[in-house]
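Reading through the structure tokens given below for one structure.
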Amino acid sequence: MDTDYRCGFVALVGRPNVGKSTLSNALIGAKLSIVSRKAQTTRHRIQGVLTRDDAQFVFVDTPGFQTRHGGAMNRMMNRVVTQALADVDVVVHVVEAGKWSEGDAKLLPLLPKGKRVILAVNKVDLLKQRNELFPFVAKLTAQYPYDAVVPVSAAKDKQLDVLLTEIAAGLPQGEAMFEPDTLTDRPMRFIAAELIREKIFRLVGDELPYGCTVVIEQWEENENGGVRIAACVVVERESHRPILLGAGGQHMKRIATEARQDISKLLEQPVFLEIYIKVRKGWSERESALRDLGYE
Numbered sequence: 001m002d003t004d005y006r007c008g009f010v011a012l013v014g015r016p017n018v019g020k021s022t023l024s025n026a027l028i029g030a031k032l033s034i035v036s037r038k039a040q041t042t043r044h045r046i047q048g049v050l051t052r053d054d055a056q057f058v059f060v061d062t063p064g065f066q067t068r069h070g071g072a073m074n075r076m077m078n079r080v081v082t083q084a085l086a087d088v089d090v091v092v093h094v095v096e097a098g099k100w101s102e103g104d105a106k107l108l109p110l111l112p113k114g115k116r117v118i119l120a121v122n123k124v125d126l127l128k129q130r131n132e133l134f135p136f137v138a139k140l141t142a143q144y145p146y147d148a149v150v151p152v153s154a155a156k157d158k159q160l161d162v163l164l165t166e167i168a169a170g171l172p173q174g175e176a177m178f179e180p181d182t183l184t185d186r187p188m189r190f191i192a193a194e195l196i197r198e199k200i201f202r203l204v205g206d207e208l209p210y211g212c213t214v215v216i217e218q219w220e221e222n223e224n225g226g227v228r229i230a231a232c233v234v235v236e237r238e239s240h241r242p243i244l245l246g247a248g249g250q251h252m253k254r255i256a257t258e259a260r261q262d263i264s265k266l267l268e269q270p271v272f273l274e275i276y277i278k279v280r281k282g283w284s285e286r287e288s289a290l291r292d293l294g295y296e
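In full-length UniProt numbering, the protein residues as written are 1 to 296.
In structure tokens, the structure reads:
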């Protein structure tokens, strides 16, 4: 065993829309967490793995901590965040450069004592005046004693090596938990469902409320290569069906095409994807229904 090798769990936390999923994907080097401008995009605790010569990082991309809205789904997502903070070795508090809100501040009391907590100031490439960064960081470090502060741009891959070095300093010494080529502990069925949901949010997110989820009901791998997938989009109201379909079914065709391309790229083999819609009234407000649909 290499006594200098480090391995541990890292939680990326922050309010919605600060770029946690983009940062997680950029650090891992693969698209595991879905990305959109909508709050509530990430609903699950997704683990992604990055293995380097000196360390293995197991990233936990959590939902944005919800402070504005109640409901069963938001309560569930907040439980995911607090549980992740209790279980990990290092916490990365992700904020958006130049923007600090009540939602950011409400996370501060949840940051764990006795663990390395790093402030990642994301989207620095969007700052109009770079000299705004220093007073912004000074204001934040006056509110919480972060162990390190790293300005980054997840979208532009800026300062990510610096962030990884700061994270590694807080990981315990120990052997790797996963094989070097492992990207995630989640099954590919789960990642495929998330990629379909991303396309739905991106295409009809302004029209379709958040009562929408995706369940993979069939996954068949052919001996000669290729995967046949049947996915069910579960919505809460019959009126959501025509929104998803679009005129002449154009929305659904585009969702299926773009999702199939992403899934095929991730699996590195051809994919045949069939998507259909099912109405299940009020599922997002019932914790029993959330559990049935795979929510933690």
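Where is the CB? At the ideal position from N, CA and C, for every residue including glycine.
Problem - Run of the beta strand (DSSP E) containing E96, from where it starts to where it stops - result: Looking at the DSSP string, the run of the beta strand (DSSP E) that includes E96 is V90 to E96.
Handout entry: Stretch pair the region 163-181 + the region 44-58: three plus CB contacts closer than 8 Å
Key = yes
Practice task
Could I get the ranges of all uninterrupted alpha helix (DSSP H) runs contained in the region 91-147, with 4 residues as the minimum, in chain order?
Solution key: 102-105 and 133-141
Exercise for the section: For R237, verify whether its CB is less than 7 Å away from any heavy atom of the ligand COA. Expected result: As far as ligands go, the structure on display features none, and thus does not contain the ligand COA.
Handout entry: Neighbour-count burial assignment, A11, 16 or more Cβ in a 10 Å radius
Key = buried
Practice task
Tell me whether the beta-carbon of E166 lies closer than 8 Å to the beta-carbon of V152.
Solution key: no
Exercise for the section: Take every Cβ of the region 111-121, pair it with every Cβ of the region 132-140, and state whether three or more of those distances are shorter than 8 Å. Expected result: yes
Practice task
Kindly give me the distance between the Cβ atoms of G14 and D89, rounded to whole angstroms, as I take these residues to be in contact under 8 Å.
Solution key: About 18 Å separates the two Cβ atoms, so there is no contact after all.
Problem - Cα-Cα separation, K158 to E194 - result: 26 Å
Handout entry: Buried or exposed (CB count within 10 angstroms, at least 16 for buried), F272
Key = exposed
Practice task
Tell me, please, which residues DSSP counts as bridged to S153.
Solution key: K158
Practice task
Would you mind giving the Cβ-Cβ distance between T184 and V95, rounded to the nearest angstrom? I have them listed as a contact below 8 Å.
Solution key: Not quite, the Cβ-Cβ distance comes to about 25 Å (not below 8 Å), so this is no contact.
Handout entry: Length of the line joining the Cα atoms of R189 and D147
Key = 37 Å
Exercise for the section: Kindly list the residues whose CB is nearer than 7 Å to the CB of D53, restricted to its own chain and excluding five residues on each side of it in sequence; keep chain order. Expected result: none
Practice task
Could you spell out the range, first to last residue, of the beta strand (DSSP E) harbouring T213?
Solution key: C212 to E221
Exercise for the section: Compare the beta carbon distance of L266 and I191 with 8 Å and say whether it is the shorter of the two. Expected result: yes
Handout entry: Cutoff 6 Å; reference W219; Cβ partners in own chain excluding five residues on either side
Key = Within the same chain, W219 has close Cβ partners R189 and I229.
Handout entry: Residue closest to L87, alpha-carbon to alpha-carbon, out of P109, L107, K115 and L108
Key = A quick correction: the sequence has Asp, not Leu, at residue 87. Here the closest residue by C-alpha is K115.
Problem - Nonlocal neighbours in the same chain, by C-beta distance under 7 Å from G246, ignoring five residues either side - result: If we look at G246 and ignore the five residues flanking it on each side, its Cβ neighbours are M252.
Handout entry: Nonlocal neighbours in the same chain, by C-beta distance under 8 Å from G226, ignoring five residues either side
Key = Q269, P270, V271 and F272
Handout entry: Pick from P16, D104 and I28 that is closest to P180, judged by C-alpha positions
Key = I28
Exercise for the section: Tell me residue 306's beta-bridge partners as DSSP assigns them. Expected result: Residue 306 is absent from the structure shown; the chain starts at 1 and stops at 296.
Practice task
Measuring alpha carbon to alpha carbon, tell me which of T51, Y144 and L23 ends up nearest L110.
Solution key: With distances taken between Cα atoms, L110 lies closest to Y144.
Handout entry: First and last residue of the uninterrupted alpha helix (DSSP H) at R189
Key = M188 to V204
Practice task
Could you check which residue in K156, K113 and F136 has the C-alpha nearest to that of T22?
Solution key: K156
Exercise for the section: Excluding the 5 residues preceding and the 5 following A97 in the sequence, name in chain order all residues of the same chain whose CB lies nearer than 6 Å to its CB. Expected result: Only residues of its own chain outside the window of five on either side were considered, and among them V121, K123, V124 and L127 have a CB closer than 6 Å to the CB of A97, listed in chain order.
Exercise for the section: Could you spell out where the alpha helix (DSSP H) holding A256 opens and where it closes? Expected result: Taken as a continuous stretch (DSSP letters only), the alpha helix (DSSP H) holding A256 covers Q250 to L267.
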